[in-house]
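Remarks on the structure that follows.
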Amino acid sequence: MAEPPPSPDDSDFPARIAPGCRDPGELDAQVARCRACPRLVAWREEVARTKRAAFQDWEYWGRPVPGFGPPDAALAVVGLAPAAHGGNRTGRMFTGDASGDILFAALHAVGLASRPDSTHRGDGLKLRGVRVTAPVHCAPPQNKPTPAERDSCRPWLASELELLSPTLRAVVVLGAFGWQAVLPVLSDAGWQLPRPRPVFAHGAQVTLPGREERPELHLLGCYHPSQRNTFTGRLTLPMLIDVLRHAAEISGLDQ
Ligand code: SF4
1 MAEPPPSPDD SDFPARIAPG CRDPGELDAQ VARCRACPRL VAWREEVART
51 KRAAFQDWEY WGRPVPGFGP PDAALAVVGL APAAHGGNRT GRMFTGDASG
101 DILFAALHAV GLASRPDSTH RGDGLKLRGV RVTAPVHCAP PQNKPTPAER
151 DSCRPWLASE LELLSPTLRA VVVLGAFGWQ AVLPVLSDAG WQLPRPRPVF
201 AHGAQVTLPG REERPELHLL GCYHPSQRNT FTGRLTLPML IDVLRHAAEI
251 SGLDQ
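In the UniProt record's numbering, the protein residues as written are 1 to 255.
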């Protein structure tokens, strides 16, 4: 008798489904079904029910937020996880919160976004050659996923980077959490990491050698555009523009 298809509630749903996805569109659709992390499912749905006062008229997305951008991107931007009233409300990465305001302003400044803001899924925003994603696809309480939740979600990012690999030239990682999450994904996907493993820093750059038909991959570190970092001046818009402009150049997206 054939094995029943895995339920989205199973903890191994990502590990069983993600490797079989044939393109980023199929992957995105499967990500949005996932219910593998009970704590995050409860939280994302609770937030979607209760809402923030300013968004009472919104029908919150309340599900995992898939990556956003073309399926043949040369550049990936990897954050942390959707915000409770940002991506978890709008259903699009970095959309509808202060972190997204600065990220999309910077992407627009370097010619990778069709507009400088990102407010909702129907706003017409288009990205050129860049895909924005995260190692954790559900909004976590206090923006802090557990290591177990990060590991459960890893197959989605692994598959996404694998599917992008024919065109992918650079990955900008926003913050230390994303950096720690991305390194094992790249290693599992066959990219050779230096030893000792590179440490996260704003401005860090590591080039991973290519193999066979896969070209080398540039890994760049950048402070996360969280309100804490932007309010304190740790990360400014010009700093973010500098990193993204450099990433666009080494990805061949500067023409
Ligand atoms: S965080 Fe990832 S693995 Fe966990 S429920 Fe959300 S999409 Fe699934």
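In this text, a Cβ means the ideal position worked out from N, Cα and C, and glycines have one as well.
Cα-Cα separation between residue i and residue j, rounded to whole angstroms
i: L27; j: C21; result: 5 Å
i: E46; j: D254; result: 42 Å
i: L107; j: R211; result: 29 Å
i: L127; j: P141; result: 29 Å
i: G124; j: D101; result: 15 Å
i: G252; j: P71; result: 16 Å
i: V243; j: A2; result: 50 Å
i: L105; j: R52; result: One detail in the question is off: residue 105 reads as Ala in this sequence, not Leu. Taking the straight line joining both Cα atoms gives about 24 Å.
i: S7; j: G233; result: 45 Å
i: V65; j: P24; result: 13 Å
i: D97; j: G79; result: 13 Å
i: R39; j: P145; result: 10 Å
i: N229; j: A204; result: 17 Å
i: I250; j: P209; result: 14 Å
i: S187; j: R92; result: 27 Å
i: P5; j: H202; result: 43 Å
i: R35; j: D9; result: 5 Å
i: L157; j: V132; result: 11 Å
i: L219; j: V182; result: 10 Å
i: E216; j: H246; result: 16 Å
i: V185; j: T50; result: 35 Å
i: A189; j: G87; result: 27 Å
i: V199; j: T207; result: 13 Å
i: D57; j: S118; result: 18 Å
i: S11; j: R89; result: 24 Å
i: A54; j: R214; result: 47 Å
i: A73; j: G221; result: 18 Å
i: R121; j: V31; result: 17 Å
i: P147; j: A248; result: 31 Å
i: W43; j: H85; result: 12 Å
Collapsed DSSP secondary structure at residue i in the structure displayed
i: C222; result: strand
i: V65; result: coil
i: T207; result: strand
i: L80; result: coil
i: L217; result: strand
i: W58; result: coil
i: V136; result: coil
i: H202; result: coil
i: S11; result: coil
i: E3; result: coil
i: S159; result: helix
i: T50; result: helix
i: S165; result: coil
i: P184; result: helix
i: S118; result: coil
i: G20; result: helix
i: D254; result: coil
i: F94; result: coil
Cross-strand partners of residue i (DSSP beta bridge)
i: L75; result: V130, A170
i: A113; result: L127
Cβ-Cβ separation, residue j to residue i (assumed contact under 8 Å), whole Å
i: L103; j: P19; result: Not really, about 29 Å apart at Cβ, beyond 8 Å.
i: C37; j: E149; result: 5 Å
i: residue 257; j: V41; result: Past the edges of the chain, shown from 1 to 255, lies residue 257, and the structure says nothing about it.
i: residue 306; j: A83; result: The first residue shown for the chain is 1 and the last is 255, placing residue 306 beyond what the model contains.
Handout entry: Inter-stretch contact (C-beta, 8 Å, three-pair minimum) for the region 151-159 and the region 120-138
Key = yes
Exercise for the section: Count the C-beta pairs between the region 50-61 and the region 166-174 that are closer than 8 Å, then say yes if the count reaches three, no if not. Expected result: no
Practice task
Could you tell me whether the region 224-242 touches the region 185-200, using the rule of 3 or more Cβ pairs below 8 Å?
Solution key: no
Handout entry: At least three beta-carbon pairs within less than 8 Å, the region 159-170 to the region 109-119
Key = no
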